[in-house]
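Encoded as structure tokens, the structure appears first; notes follow it.
2 protein chains.
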Amino acid sequence: MQKKITKPTILPGFMELLPKDQIVFNKILNRIKNVYESYGFLPIDTPVIEKSEVLLAKGGGDTEKQIYRFNKGDSDLSLRFDLTVPLARYVSQHMENLTFPFKRYQIGKVYRGERNQRGRFREFYQCDIDIIGNDKLNTINDAEITSIIYTIFNELNFGDFVIHINNRKILNGLFEYLNIEDKENALRIIDKLDKIGIDNVRLELNKCNIENESIDKLIEFINTTGSNEEILKSLKELNIQNSTYNLGINELETVTHYMNSFGVPEKNYAIDLKIARGLDYYTGTVFETFLSDYPQIGSVCSGGRYDNLAEYYTKQKLPGVGMSIGLTRLYYQLNEANLLKDYETSLTKVLIIPLDDSLDYSIKLANKLRNDNIYADVYLENKKISKKLDYANKLNIPYVILVGPDEIKTNILTLKDMKKGEQLSLTYEQIVSSYLK
Amino acid sequence: MQKKITKPTILPGFMELLPKDQIVFNKILNRIKNVYESYGFLPIDTPVIEKSEVLLAKGGGDTEKQIYRFNKGDSDLSLRFDLTVPLARYVSQHMENLTFPFKRYQIGKVYRGERNQRGRFREFYQCDIDIIGNDKLNTINDAEITSIIYTIFNELNFGDFVIHINNRKILNGLFEYLNIEDKENALRIIDKLDKIGIDNVRLELNKCNIENESIDKLIEFINTTGSNEEILKSLKELNIQNSTYNLGINELETVTHYMNSFGVPEKNYAIDLKIARGLDYYTGTVFETFLSDYPQIGSVCSGGRYDNLAEYYTKQKLPGVGMSIGLTRLYYQLNEANLLKDYETSLTKVLIIPLDDSLDYSIKLANKLRNDNIYADVYLENKKISKKLDYANKLNIPYVILVGPDEIKTNILTLKDMKKGEQLSLTYEQIVSSYLK
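Chains as they are written, first to last, in numbering that gives the first Met the number 0: chain B, 0 to 436; chain L, 0 to 436.
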């Protein structure tokens with residue numbers, strides 16, 4: 000019967016990797032996960048499909064247009080577009096069974112039907128951590144979150160990076176003091192400083208009916224520079240009589256003090272008064288992270304403190320602090336910047352190649368290696384030796400053990416180092432202890 | 000502003016776990032993954048959303064009604080309902096960049112809008128491995144797949160289990176020999192033997208216009224019992240002159256021989272001539288796995304050999320062998336059977352509790368522990384000591400280190416074993432080497 004052939008393709012905007020790239024992607028994901036777990040974060044896994052009425056309880060916003068929303072039977076369903084809304088729903092729903100502060104991590108795919116363009120994905124991994132307090136949450140948690148960013152990017156080793164940190168209360172207090180009413184808008188304009196330059200920021204602020212004197216003060220404030228300590232000192236010396244402003248400085252001081260205790264070197268973080276984060280729910284600490292050699296990638300990890308995680312699902316006040324790594328986009332950018340070339344692309348440590356009737360022995364040898372915690376594959380097909388070695392080469396498997404009648408008789412195995420091309424005659428124990436461990 | 004409160008709930012048929020259960024779920028998933036990787040399987044990760052025309056290229060079947068299918072813009076989209084169709088599409092699409100035999104594993108969620116009932120899920124994890132040959136694939140691979148099932152369920156330690164194994168060619172050959180024309184239907188009836196009993200099987204076979212003599216022979220065949228060796232002997236002695244039948248016996252002999260080499264004990268597999276698998280694409284080895292003490296769970300891991308993975312996407316012949324673990328359902332069943340109670344439900348090994356002004360020291364202590372690869376959490380809130388200990392208790396964290404001014408002065412720490420309730424004064428090194436490693 001002649002079958003109709005359908006062209007095998009995937010949708011645009013979806014990332015799909017070849018195995019060797021997937022191995023690298025998974026290694027990065029696992030390192031992030033391990034760091035999250037090492038700090039006491041608990042895993043959760045929420046459904047990809049939720050009720051639209053729940054996921055969209057907050058409503059409005061640009062996101063709504065991008066959502067994958069559809070009906071099945073009588074149900075109005077949506078695919079999750081982030082991991083924060085599901086977290087809010089999860090905490091509200093399971094509150095009685097959770098222990099606070101609730102430290103959770105979630106790594107999973109989220110969906111946004113964005114305009115199709117290079118480096119933008121419609122299905123992408125987010126790797127999120129949040130610490131949620133029941134009514135209250137100590138500011139020190141903000142320092143823990145930022146120090147986890149440090150630990151992750153230090154381990155991942157993509158070169159120098161700086162965590163830019165600020166506190167929304169400082170900005171809010173300053174706006175109050177300067178009688179700037181449309182804070183949200185002013186914040187949004189300041190957030191664009193790096194993109195549009197100081198003159199355009201001034202221009203846009205002018206359009207918002209902000210007095211020139213206030214604009215001057217605002218720009219003077221944003222341009223405060225120096226070491227972290229110097230900036231904090233300058234901010235205090237501005238002598239602004241506003242309680243929100245001063246609370247913000249206190250919080251920022253606390254966070255930077257404890258980042259120090261958590262072991263974040265001074266060179267890896269910088270108070271940056273321009274960081275505002277264009278979202279309306281951050282209320283305290285905010286941060287973004289930049290790779291020093293690759294500023295064009297933009298922030299690789301952002302987040303902050305919010306007063307109320309789940310106001311659409313519960314009356315209980317749930318303050319929190321969290322951050323997110325958009326792994327799919329990060330992987331894409333790092334790969335484009337050629338920063339992933341040093342990763343090993345094989346999980347298999349050794350391929351066993353049976354020659355002339357040595358399959359049983361080869362299979363048993365592989366069992367033994369796996370029992371010794373060494374990932375081992377056996378080539379099972381009837382092919383020429385060159386084809387068998389090809390398999391190891393193409394998959395970047397670093398070692399091959401050749402097993403033939405001589406090897407079986409003497410128990411001396413032939414190890415081939417695939418990178419060096421060397422071939423050695425060794426006992427099992429020598430191979431394991433000197434090469435495969 | 001008074002916000003409207005939306006009741007936080009998820010859809011029926013979706014599994015969502017509390018963190019302590021999620022930890023257990025993830026441990027099972029990780030063990031499965033590690034075994035897959037230890038045998039040389041490569042990870043792939045395909046999109047959850049694909050083009051309907053691609054996912055449904057095969058068309059028809061019961062599955063189609065269950066599919067989550069919808070439009071976004073001009074695109075007709077579907078959520079994947081298994082990992083086999085995406086594999087077929089993946090191999091056809093990326094053929095030029097893959098190395099054969101292509102050993103891949105994929106662990107991910109799939110979607111089926113099934114009727115809502117206890118223990119059935121609309122979103123569930125599948126953990127699949129397949130070995131795909133380009134044109135040919137040695138039968139020994141079938142033995143590798145079944146031996147991986149052994150390794151996994153042996154490690155997971157849910158009690159005794161037996162892999163029931165058969166070969167579709169034996170049944171097909173027998174049907175040919177007995178002039179049974181509607182093989183598919185006869186297979187389906189035989190597959191129900193355990194559920195409906197031998198009399199009903201006879202009755203149903205009768206309805207298919209099968210001669211009484213053939214039915215007698217068929218039932219005699221299915222009732223062949225004994226050790227694996229004895230069954231193979233009996234099958235040969237039936238002296239059926241049919242090449243498909245004899246090829247099937249040869250393959251079954253090969254598979255059981257190499258299962259032995261792969262280290263599967265005789266007690267953990269059984270030739271079971273009733274195993275047919277009601278799917279139309281298996282062509283050789285087929286198997287199902289049962290937990291001896293929990294037969295009601297049904298098969299926990301099934302699979303088999305097929306001649307042609309991707310006939311809807313390519314003219315290239317791609318024979319393969321694979322198996323799947325439906326993890327969400329398995330987890331649910333194991334949990335119901337109370338088989339998961341021995342799993343540790345904390346990833347965190349130790350909680351550090353700071354007393355009176357010892358936060359900095361506590362945080363640095365946690366850093367040190369993490370550098371020594373010990374997962375450590377610090378309690379950062381201002382609460383009474385009893386509340387702090389509560390946190391460790393509720394999260395089943397096995398150890399607590401109490402840090403106060405005395406501990407800081409003397410560098411002798413107080414370790415509390417939360418299970419025994421014991422409290423000990425020890426150095427950091429003693430704690431790490433004797434309790435936390």
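Every residue, glycine too, gets a C-beta built ideally from N, C-alpha and C.
Below-8 Å beta-carbon distance, residue i vs any chain L residue
{"i": "B:Lys393", "result": "yes"}
{"i": "B:Val109", "result": "no"}
{"i": "B:Ser37", "result": "yes"}
{"i": "B:Glu98", "result": "For the record, residue 98 of chain B in the displayed sequence is Thr; it is not Glu. B:Thr98 counts as touching chain L."}
{"i": "B:Thr426", "result": "no"}
{"i": "B:Pro18", "result": "yes"}
{"i": "B:Ser77", "result": "no"}
{"i": "B:Val53", "result": "yes"}
{"i": "B:Tyr398", "result": "no"}
{"i": "B:Asp376", "result": "yes"}
{"i": "B:Asn227", "result": "no"}
N-terminal and C-terminal residue of the alpha helix (DSSP H) that residue i is part of
{"i": "B:Gly303", "result": "First-last for B:Gly303: Ser301 to Tyr305, but that is the beta strand (DSSP E), not the alpha helix (DSSP H)."}
{"i": "B:Ala336", "result": "Note, B:Ala336: premise wrong, no alpha helix (DSSP H); not H, not E."}
{"i": "B:Arg167", "result": "Arg167 to Tyr176"}
{"i": "B:Lys71", "result": "Unbroken run through B:Lys71 is the beta strand (DSSP E), Arg68 to Lys71; no alpha helix (DSSP H)."}
{"i": "B:Val359", "result": "The sequence shown places Asp at residue 359 of chain B, rather than the Val named in the question. Element bounds for B:Asp359: Leu358 to Asn370."}
{"i": "L:Gly403", "result": "Element bounds for L:Gly403: n/a, residue is neither H nor E."}
{"i": "B:Lys182", "result": "Lys182 to Asp190"}
Span of the beta strand (DSSP E), counted from its first residue to its last, around residue i
{"i": "B:Glu287", "result": "Tyr281 to Leu290"}
{"i": "L:Pro353", "result": "Val349 to Pro353"}
{"i": "L:Val320", "result": "Gly319 to Gly325"}
{"i": "L:Ser77", "result": "Ser74 to Leu78"}
{"i": "L:Tyr268", "result": "Tyr268 to Ile270"}
{"i": "L:Ala375", "result": "Ala375 to Val377"}
{"i": "L:Val109", "result": "Phe101 to Tyr110"}
{"i": "B:Gly131", "result": "One point to set straight first is that residue 131 of chain B is Ile, not Gly, in the sequence displayed. Per DSSP, B:Ile131 belongs to the beta strand (DSSP E) from Glu122 to Ile131."}
{"i": "B:Gln21", "result": "Run containing B:Gln21: none in the beta strand (DSSP E); it sits in the alpha helix (DSSP H), Pro18 to Ser37."}
CB contact below 8 Å: residue i versus chain B
{"i": "L:Leu339", "result": "no"}
{"i": "L:Gly303", "result": "no"}
{"i": "L:Gln92", "result": "yes"}
{"i": "L:Leu379", "result": "yes"}
{"i": "L:Leu358", "result": "yes"}
{"i": "L:Glu406", "result": "no"}
{"i": "L:Thr149", "result": "One detail in the question is off: residue 149 of chain L reads as Tyr in this sequence, not Thr. Closer than 8 Å: no."}
{"i": "L:Arg30", "result": "no"}
{"i": "L:Ser213", "result": "no"}
{"i": "L:Tyr434", "result": "no"}
Where residue i falls, given that 16 or more other Cβ within 10 Å makes a residue buried
{"i": "L:Leu202", "result": "exposed"}
{"i": "L:Glu236", "result": "exposed"}
{"i": "L:Arg117", "result": "exposed"}
{"i": "L:Thr255", "result": "buried"}
{"i": "B:Gln92", "result": "buried"}
{"i": "B:Ile384", "result": "exposed"}
{"i": "B:Gly225", "result": "exposed"}
{"i": "B:Asp61", "result": "exposed"}
{"i": "B:Tyr342", "result": "exposed"}
{"i": "B:Gly283", "result": "buried"}
{"i": "L:Thr439", "result": "The question about residue 439 of chain L has no answer here: the residues shown for chain L are numbered 0 through 436."}
{"i": "B:Glu95", "result": "exposed"}
{"i": "L:Gly420", "result": "exposed"}
Closest Cα partner of residue i within the set the options
{"i": "B:Gly325", "options": "B:Leu86, B:Glu122 and B:Gln21", "result": "B:Glu122"}
{"i": "B:Leu339", "options": "B:Leu423, B:Arg187 and B:Gly158", "result": "B:Gly158"}
{"i": "B:Phe220", "options": "B:Ser233, B:Tyr434 and B:Glu228", "result": "B:Ser233"}
{"i": "L:Leu368", "options": "B:Leu82, B:Glu15 and B:Tyr38", "result": "B:Tyr38"}
{"i": "B:Asn372", "options": "B:Glu36, B:Ser432 and B:Asp198", "result": "B:Ser432"}
{"i": "B:Glu143", "options": "B:Tyr331, B:Cys126, B:Thr253 and B:Ile188", "result": "B:Thr253"}
Within chain C, the residues that residue i reaches when beta carbons sit closer than 8 Å
{"i": "L:Thr45", "result": "In the structure shown, chain C does not exist; the protein chains are B and L."}
Using a beta-carbon distance cut-off of less than 8 Å, what residues from the segment 259-292 of chain L approach chain B?
Ser260, Phe261 and Gly262
Got a sec: which bits of the segment 316-349 of chain L sit with their beta carbon under 7 Å from any beta carbon on chain B, in order along the chain?
Leu346 and Thr347
query: What residues from the segment 112-141 of chain L come within 7 Å of chain B, judged by C-beta to C-beta, listed N to C?
result: Gly112, Glu122, Asn137, Ile139 and Asn140
- request: Give, in chain order, every residue of the segment 173-196 of chain B whose Cβ lies closer than 9 Å to some Cβ of chain L.
  value: none
Problem set entry | Residues, ordered as in the chain, of the segment 61-75 of chain L that lie near chain B by beta-carbon distance below 7 Å | Tyr67, Phe69, Lys71 and Ser74
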